[in-house]
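Enquirer: Line order of the protein sequences matches chains A and B. When we follow the numbering used here, the leftmost residue of the first sequence carries the number 1, and every step to the right adds one. When we follow the numbering used here, the leftmost residue of the second sequence carries the number 1001, and every step to the right adds one. Just so it is clear, CB atoms sit at the ideal spot from N, CA and C, and this is done for glycine as well. Note that the structure is predicted; figures quoted are calculated from it, not measured. Here you go, one structure.
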Amino acid sequence: MKSRSPAAGELLGLQPNGSPIAGPRRHVLDLDDFTTSEIRNVLESAKGMSEVLGRDIKKVPALRGRVIVTLFYEASTRTRISFEEAGKVLSADVINMSSSGSSTEKGESLLNTGLTIQAMGVDVIVIRHPHSGAPYLLARCLDRVGIINAGDGIHAHPTQALLDLYTVNEKFGTLEGLKLVIVGDVMHSRVARSNIWGFARMGARVVLCGPSTLLPLDMLQGREKLGHDHPLASVEVDTDLDRAIEGADIVMALRLQSERQNAGFLPSLREYIRRWQVNDARLGRARDGALVMHPGPMNEGIEISSSIAHGDRAVIEQQVTNGVAVRMALLYHLSGVQPSAPELGDTVKDHSDGR
Amino acid sequence: MAGSAKASPLLIRGARVIDPARGMDRVADVLVRDGQIASVTPHTTEATPDGVQVIEAAGMVVCPGFIDIHCHLREPGLEYKETIYTGSRAATKGGFTTVCAMPNTEPPIDNAAMVGLVRQRATTDALSRVFPIGCVTKGRRGKELAEMGELADAGVVAFSDDGDPVEDPNLMRLALTYSADLGLAISNHCQDMSLSYGGVMAEGRVASMLGLPGIPAAAEESMMARDIALAGLTGGRVHLAHLSTAGSVSLVRQARERGIAVTAEVCPHHLTITDDWVLGRQTLADGVATPFSYDTCTKVYPPLRSEEDVEALAQGLNDGVIDCIATDHAPHERVSKEVTYQDAAFGISVLETALASSLTLVHESRISLPALVERLTSGPARVLGPRFQPLATLSPGTPADIVIFDPVREWVVDSGGFESMGKNTPLQGVTLKGRVVATLVDGHIVYEDGENG
C-alpha cells in the first residue's frame, strides 16, 4: 500500500510518472497542470480575441451552437459577466444559473445539479463555488461536459491568473525574470494560489508578503521534495512589505476581508494598513514603471490607497478588460475547435442574434 | 450470535497458530468442540476420528478472533448507514469476532434502555459478538454525566462520547473519578474544537495547496496531554482513541515512563496512508491536483497525516506504546460522500480492509506477525478489562472465537462487494495482501472465504 500499488495508477488513468494522459484539454481546474507552452498559447490567442473585442461589432461565430452554463454558488459581478460576455461574443449560447432561485434551494446536490445540466447537452459548465475542490467533483463525475473553474473556495481561480499573466505580458512583453510581490491575505486567496503557479511556471520571481497569520507557509513546507526546478521551489516569503517591494516589477494587492480581524488573524485594520497597505511611499521602492494589480473587489484605503488604486501605475481596469479576452480564448480552446483565421476574422453577418 | 445447534467437532489442521496471550507461535492443530477450544496440539498428519470435520489450513495463520474496541454500527437511528446485522457481517468478513459499538447513534446510548436495545439486536441480528459502549455524558452533549453506574450494570464495556470529545476538563476529571470503581475505560476522542475549527484534513502542505482548512496536530495532542494529566490526577482509566500524530505517540510514551496508566489505539488507515492521498492516491511528485483529488473517502477524523506521523505510529505499535489496532469503522451512505470535501462526512469503512492494511506493516518488516496479532487480540482485550481475556486466546476451555487468514494472498479492494453498507473506502481498487479465509464465533463458522456460512 502506501501509494505503492501498481493498480492505482491504471485506475486513475495516469501514466507511471503521474501526469495525466496527454490529450486535448477538457477542463480548466487550475493552472498547476498548465505547461509553459500551453499558457503561451492561451495568451497568444487571447491577443486575437482582444482584437475582436476592439471591433465595432463584437461578434464572431466561433462557438455558434455551443451551450455554456455559468453555475455560480457565490456572488460575483466581474467574473460572471466576463464569462457571459466572452461566450456571447463568440456566439455561444450562455445560460446563467445561480444557487438562489434554483433547484439548489430545494436541496439539490451539486453533483445532481451537474448531472442535470449535463443531461441537457451543455458543452461547458463554468462553476464558482465556496468550497475548494467543487469543480473537481464535477470533472470527476461528469463525462460529457467541460468544466471551467471560476473560483473554488480558497483554492484556485485559474482564469483570473491567466488574465493577470496576460496583462503583465502585454505591458512588459515578457514574464520571465520579473519580480511579483503578492501582498495581503495570501492564505485565503484563490487568486494568489493560481497566480503563484502561473507566474512561477513562467519564470517570474514570486514573493509572498503579509502578516504571518495570513501566509500559506505550509504550502512551501517540504517543497524541497518537489525538486529545484519545480515552480514552487523558487517562491519566497517576506513579512516586511518595505523590504519585499524593493525592485518589484509587479505589486499585487489582495482583498482583505474585514472578518479576518474578528477571527483573530489581525489585531486591527489600522495596523494592517500601517504595515501592509500598498501606497505611494511603498511603491516608490519598487522599480520605476512597476505595475499595481488587484483582482477586485477592492477595499480602497485598506489594502490599497486610493491614490494608487486610481493612479497611473494601476492596471486594475485593464485586468477586467483582458479578462474577457482570456476567457474567450479558454472557451475556444475547450471547444476543441482549432483556431482558424476565417472563423475569427469574419464578424457575424447576421446581426439579429445576440443584439 | 450464530445458531446454537450442536455441531460436530472441528479440527483446523496444519496452520501457523499464533496465540499471543500464551506466547504461542507454531504449526499446530486446533480442535474445537462444543463451541470451545478443546486442544491445541503439535501438528500431525494422522487420520482423524470419524465425525470430526477437518479444515486443512497449511500456509494459513490461525489466531484468536480479532477484537475491535472502536467501531460505528449506526443502529439505532442511522440504519441507512449501517445496522448491527450488516456491520457484524462486515466484522466477521474482516476477521473480527468481537466489536464494540460506539454510542453516537440516534438517540445516543446514554441510558439502560438503549443499552438493552443494542444488546438485544446483538443477540438476534449479529454474527459476531457486539458490545455497546455507553456515553460519558447525557446525550453526548458534554454538560452532565450520563448515569454511568446504570450503564455499567446494563452491560456497556467502556464509555465514550466519540465523535465529540469531552471538552470541559473538569467534567472529564469528574467522569474519571466517578467511574473509577466501575473498572471500565473512558475512551476519549481527543480534539480541541477551537484548534480544529472548520478543518477537514491534516494541516500541512497538501491542505494548503488544495485550499482545504487544516487541522493541526496540536488539536489532538493538546487534549491528549490534558487527558494524560487527568489520568494521573484521578487514577481513572483513560483510553486514548485513534492516535494520529507523532506527538501523540510521544505523549503516551512519556505517560508510561511516568507510571500513568493510559491505554491507546491506532487505526489501520493512520498506519498506512498519508494526507498525500487527498491530493491523489499516488504520491504525485509534482503536487499537481487532478480530477481525482479531493476524494472524500480520504476524509476522516482524525485526519490522514504525514509520512513522519505514519512512521511514529507504526513504531509505537511495534514497541507496545500503542496497545491495539481499532478500526474506527465509520460507514456512510453515498450522498454523505458525493459532495464537496468540506460538506462530506468524516469516516472510512474499515472493517473489511483492516487486516490486510495492517499486514502491510508486517510485509514491510516494521512489526512481527505475532506482535500484530497481539495488537488485534489480547491488546484490545486488555483495554476492555480482564473478563475479555478468554475471547483473546486459544486456551483450551475458552470460547472458540477464531480467525483463519492467508497472510500473503493478494486481492483488489472492491467496496461494491463489502458486507458493510458503507462503501466509503479510499482503498477502492488498491491491491492488498492478506485475506481472511474463515471466521468462527463460539465454534461456528460465521464467515467463510467469499460467502457467509
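1. Smallest Cα separation from L1376 (chain B): which of B:E1220, B:T1105, B:Q1389?
2. Taking Y73 (chain A) as part of the beta strand (DSSP E), name the residues at either end of that continuous run.
3. Can the beta-carbon of R140 (chain A) be found closer than 9 Å to that of L31 (chain A)?
4. Run through DSSP, which three-state label would V1288 (chain B) get?
5. Output yes or no for whether 9 Å exceeds the beta carbon distance between L110 (chain A) and T1290 (chain B).
6. To the nearest angstrom, how far is the alpha carbon of E379 (chain A) from that of I81 (chain A)?
7. Give a yes or no on whether the C-beta atoms belonging to L1073 (chain B) and M1201 (chain B) are separated by under 9 Å.
8. Which residues of chain B have a Cβ atom closer than 7 Å to the Cβ of R64 (chain A), listed in chain order?
9. Just to confirm, are I245 (chain A) and L283 (chain A) a CB contact at a threshold of 9 Å?
10. Against S1293 (chain B), what residues of chain A qualify as contacts under a CB-to-CB distance less than 8 Å, listed in chain order?
11. For the alpha helix (DSSP H) containing N1188 (chain B), list its first residue and its last residue.
12. For the beta strand (DSSP E) that Q1053 (chain B) lies in, which residues bound it at each end?
13. In the DSSP output, what is N149 (chain A) paired with across the bridge?
14. Exposed or buried, what is L142 (chain A) when buried is set at 16 or more other beta-carbons lying within 10 Å of its beta-carbon?
15. Report yes if the CB atom of A1317 (chain B) is closer than 9 Å to the CB atom of V1350 (chain B), and no otherwise.
16. Buried or exposed: I21 (chain A), going by 16 or more other Cβ atoms within 10 Å of its Cβ?
17. Grouping DSSP H, G and I as helix and E and B as strand, with all else coil, what is E1046 (chain B)?
18. Flag A1229 (chain B) as yes if its beta-carbon sits less than 9 Å from any beta-carbon of chain A, otherwise no.
19. What's the C-alpha gap between K1423 (chain B) and P158 (chain A)?
20. If distances are taken between C-alpha atoms only, which option among B:M1114, B:V1412, B:R1387, B:F1418 comes closest to K1433 (chain B)?
21. Taking its Cβ as the centre, do 16 or more other Cβ atoms sit within 10 Å of S369 (chain A), making it buried, or is it exposed?
22. Suppose you measure from the CA of V1489 (chain B) to the CA of A134 (chain A); what does that come to, to the nearest Å?
23. Could you tell me if R1026 (chain B) is buried or exposed, where buried requires 16 or more neighbouring beta carbons within 10 angstroms of its beta carbon?
24. Once DSSP output is grouped into helix, strand and coil, what is the label at A62 (chain A)?
25. Tell me whether the beta-carbon of Q160 (chain A) lies closer than 9 Å to the beta-carbon of R190 (chain A).
26. Could you please give the first and the last residue of the uninterrupted beta strand (DSSP E) stretch that includes P1407 (chain B)?
27. For D1401 (chain B) and V1249 (chain B), I'd like the C-alpha separation in whole angstroms.
28. How would you call G1198 (chain B), buried or exposed, if buried means at least 16 neighbouring beta carbons within 10 angstroms?
29. Taking the continuous alpha helix (DSSP H) assigned at P1370 (chain B), which residues delimit it?
30. Among the residues of its own chain, which have a CB less than 7 Å from the CB of E1167 (chain B), if the five just before and after it don't count?
31. T1393 (chain B) bridges to which residues according to DSSP?
32. For D1161 (chain B), does the three-state DSSP call read helix, strand or coil?
33. How is Y166 (chain A) classed by DSSP in three states: helix, strand or coil?
34. Tell me whether the beta-carbon of E1082 (chain B) lies closer than 9 Å to the beta-carbon of G1014 (chain B).
35. A22 (chain A) CB to nearest chain B CB: under 9 Å?
36. What do you reckon, are the CB atoms on C1100 (chain B) and G1087 (chain B) nearer than 9 Å?
Expert: Taking the definition as stated:
1. For L1376 (chain B), the closest of B:E1220, B:T1105, B:Q1389 by C-alpha to C-alpha distance is B:Q1389.
2. No beta strand (DSSP E) holds Y73 (chain A); DSSP gives it neither H nor E.
3. no
4. coil
5. no
6. The requested residue 379 (chain A) is not part of the displayed model; chain A covers only 1 to 355.
7. no
8. By Cβ distance, chain B contributes nothing, its closest Cβ being about 29 Å from R64 (chain A), past 7 Å.
9. yes
10. G133, Y136
11. First-last for N1188 (chain B): 1186 to 1188, but that is the beta strand (DSSP E), not the alpha helix (DSSP H).
12. 1053 to 1056
13. N149 (chain A) is bridged by DSSP to A:I127.
14. buried
15. At residue 1317 (chain B) the sequence reads Leu, which differs from the Ala that was named. No, they are not a contact pair.
16. Residue confidence is low: I21 (chain A) scores 37 on pLDDT, short of 50, so the model does not pin down where it sits. Its coordinate-derived value is still stated next. It is exposed - the Cβ of I21 (chain A) has fewer than 16 other Cβ atoms within 10 Å.
17. coil
18. no
19. Those two C-alpha atoms are separated by around 33 Å.
20. B:V1412
21. Nothing about residue 369 (chain A) can be reported from this structure: the residues present for chain A run from 1 to 355 only.
22. There is simply no residue 1489 (chain B) to check, as chain B begins at 1001 and stops at 1453 in what is shown.
23. With fewer than 16 other Cβ atoms within 10 Å, it is exposed.
24. coil
25. Their beta carbons are under 9 Å apart, which means Q160 (chain A) touches R190 (chain A) by this criterion.
26. 1402 to 1412
27. 31 Å
28. That one is exposed.
29. 1369 to 1376
30. The answer, listed in chain order, is G1142, M1193.
31. None, per the DSSP bridge assignment.
32. coil
33. helix
34. The Cβ atoms of E1082 (chain B) and G1014 (chain B) do not sit closer than 9 Å to each other.
35. Residue confidence for A22 (chain A) is low, a pLDDT of 43 falling below 50, so the modelled location carries little weight; the figure read from the coordinates is stated next. No Cβ of chain B is located within less than 9 Å of the beta carbon of A22 (chain A).
36. Against a cut-off of 9 Å, the Cβ pair of G1087 (chain B) and C1100 (chain B) comes out as no contact.
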